[in-house]
Amino acid sequence: MNLPIQATTPPVRFSRCARCKNFAVWVDGELVAPAVLTAPPPHQDLADPALASYTEGRGVFNASPRAAAALLRLCLQQLVGMLGAKP
Ligand SMILES: [Zn+2]
Numbered sequence: 007m008n009l010p011i012q013a014t015t016p017p018v019r020f021s022r023c024a025r026c027k028n029f030a031v032w033v034d035g036e037l038v039a040p041a042v043l044t045a046p047p048p049h050q051d052l053a054d055p056a057l058a059s060y061t062e063g064r065g066v067f068n069a070s071p072r073a074a075a076a077l078l079r080l081c082l083q084q085l086v087g088m089l090g091a092k093p
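For the sequence shown, the numbering used here begins at 7 and goes up steadily by one.
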């Protein structure tokens, strides 16, 4: 089923990064993809599964700081376990 595009649909635009050649999606003048990452990248020594939790938390930080905090708490819990500490 094809729905007609409504006049109220925000304008969607695409751009291509001159440096990495990846595409970006803009809706109504706001960058929606790729996500803008403002949290620092993980330390080079951080390993999975803590790395995966940190990376996921970093990715959702701007959309949901509370979700990012929960993921960072999980990352810390995993890191403590990886370092051999007893819970
Ligand atoms: Zn780029």
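Cβ atoms here follow ideal geometry from the backbone N, Cα and C, with glycine treated the same way. Predicted model, so just to flag it, every value in this text is computed and none were measured.
Would residue i and residue j qualify as a contact pair, given that the criterion is a beta-carbon distance under 8 angstroms?
{"i": "residue 45", "j": "residue 64", "result": "yes"}
{"i": "residue 88", "j": "residue 56", "result": "yes"}
{"i": "residue 38", "j": "residue 68", "result": "no"}
State the DSSP-derived secondary structure class of residue i, mapped to helix, strand or coil.
{"i": "residue 79", "result": "helix"}
{"i": "residue 85", "result": "helix"}
{"i": "residue 38", "result": "strand"}
{"i": "residue 25", "result": "coil"}
Please report the distance separating the alpha-carbon of residue i from that of residue j.
{"i": "residue 16", "j": "residue 76", "result": "32 angstroms"}
{"i": "residue 73", "j": "residue 61", "result": "12 angstroms"}
{"i": "residue 30", "j": "residue 23", "result": "7 angstroms"}
Going by Cα to Cα distance, which pick from the options is closest to residue i?
{"i": "residue 32", "options": "40, 48 and 88", "result": "40"}
{"i": "residue 35", "options": "85, 86, 66 and 21", "result": "21"}
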